[in-house]
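Below: one structure, written as structure tokens.
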Amino acid sequence: MPGQTLKQLVVLAVPFLVLIVHVAWRFWVRTRPTVRKANPDAGRTVFQPMQEIRAFFLLTAFLIVCFFAYCWSSCEPRERWLGYVCFGLLLGLAFLYPRTLVIDMQGVVSRHWLGREKIIRWEDVAELHYAMDKRSLEIRDKENRTIVHRIFHPEPVTFRDFARDRTRLPLKITHRRSLKSRTIELPYRDQR
Numbered sequence: 281m282p283g284q285t286l287k288q289l290v291v292l293a294v295p296f297l298v299l300i301v302h303v304a305w306r307f308w309v310r311t312r313p314t315v316r317k318a319n320p321d322a323g324r325t326v327f328q329p330m331q332e333i334r335a336f337f338l339l340t341a342f343l344i345v346c347f348f349a350y351c352w353s354s355c356e357p358r359e360r361w362l363g364y365v366c367f368g369l370l371l372g373l374a375f376l377y378p379r380t381l382v383i384d385m386q387g388v389v390s391r392h393w394l395g396r397e398k399i400i401r402w403e404d405v406a407e408l409h410y411a412m413d414k415r416s417l418e419i420r421d422k423e424n425r426t427i428v429h430r431i432f433h434p435e436p437v438t439f440r441d442f443a444r445d446r447t448r449l450p451l452k453i454t455h456r457r458s459l460k461s462r463t464i465e466l467p468y469r470d471q472r
């Protein structure tokens with residue numbers, strides 16, 4: 281049955297193809313220079329996810345929808361669970377989309393595209409933590425809530441410097457190598 285073997289090949293190959301594309305995309309995003317700029321508005325600066333990340337999420341959603349349509353139309357009734365898995369992946373993708381970060385005069389705001397918002401005021405910030413292996417800056421408040429500026433947001437140096445100037449807190453820098461990690465605390469020095 282040549283039609284059956286082609287169907288099995290597609291069912292087995294598509295997840296690996298999607299995984300390979302994801303891994304290649306992740307390595308490309310980690311190694312490319314940041315060219316996207318933050319959007320300065322009146323009294324605030326907006327750090328949206330980079331255009332490539334948005335295109336990646338749209339492409340992934342399109343591939344999942346195509347695979348969902350293929351599974352739903354060509355699978356036997358006992359294999360319909362694959363369509364539900366695709367639908368679950370599509371819903372999960374909506375929650376994985378990166379947040380938009382906003383620095384304003386009162387603090388840092390993290391907005392999810394589904395409408396959720398997390399706010400940390402400058403006077404409530406307790407710790408600034410930079411992870412060198414992830415290239416991410418974590419802002420933690422006194423109630424242990426965090427907002428993280430990750431690699432897919434533009435201008436990490438501008439975000440870090442603005443957060444340090446507003447809080448005047450020392451910056452904890454963690455460098456991980458395999459199982460060991462080393463943390464250094466860098467005190468704040470006024471540059472004026």
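Each residue of the sequence shown is one higher than the one before, counting from 281 in the working numbering.
Where a beta carbon is used, it is the ideal one built from N, C-alpha and C, also for glycine.
- Linking Trp308 to Phe336 through their CA atoms gives a straight-line distance of about 12 Å.
- For Arg420, the closest of Phe348, Leu449, Thr285, Leu459 by C-alpha to C-alpha distance is Leu449.
- DSSP places Ile344 inside the alpha helix (DSSP H), whose first and last residues are 331-354.
- Bounds of the beta strand (DSSP E) holding Arg456 are 451-457.
- In the three-state reduction of the DSSP assignment, Ala443 falls in the helix class.
- Exclusion of the five residues before and after Thr340 leaves Val298, His302, Leu373 as the residues of its chain whose Cβ lies within less than 8 Å of its Cβ.
- In chain order, Ser416, Leu417, Glu418, Arg440, Leu451, Lys452, Ile453, Thr454 place their CB closer than 8 Å to the CB of Tyr410, counting only its own chain and leaving out the 5 sequence neighbours on each side.
- Leaving aside the five residues that flank Ser461 on each side, the residues in its chain whose CB is nearer than 8 Å to its CB run, in chain order, Thr454, His455.
- Excluding its 5 nearest sequence neighbours in each direction, Lys414 has C-beta neighbours in its own chain below 8 Å: Arg430, Ile431, listed in chain order.
- For Gly368, there is no enclosing beta strand (DSSP E); the residue is found in the alpha helix (DSSP H) stretching over 361-376.
- Sequence-distant partners of Phe367 (beyond 5 residues in either direction) whose C-beta falls short of 6 Å from its own C-beta are missing from its chain.
- Arg446 and Val437 have their C-alpha atoms roughly 14 Å apart.
- With a contact defined as Cβ atoms closer than 8 Å, Arg379 and Leu408 miss out at about 18 Å.
- Taking the Cα of Pro295 as reference, the smallest distance to any Cα among Leu371, Arg360, Val365, Phe375 is reached at Val365.
- Assigned with DSSP and collapsed to three states, Arg310 falls in helix.
- If you draw a 10 Å sphere on the C-beta of Leu466, you find fewer than 16 other C-beta atoms in it, and that means exposed.
- With respect to the C-alpha of Gly323, the residue from Thr285, Glu397, Val388, Arg469 having the closest C-alpha is Val388.
- Proximity to Ala406 across Lys422, Leu369, Pro320, Val428 peaks at Lys422, based on C-alpha coordinates.
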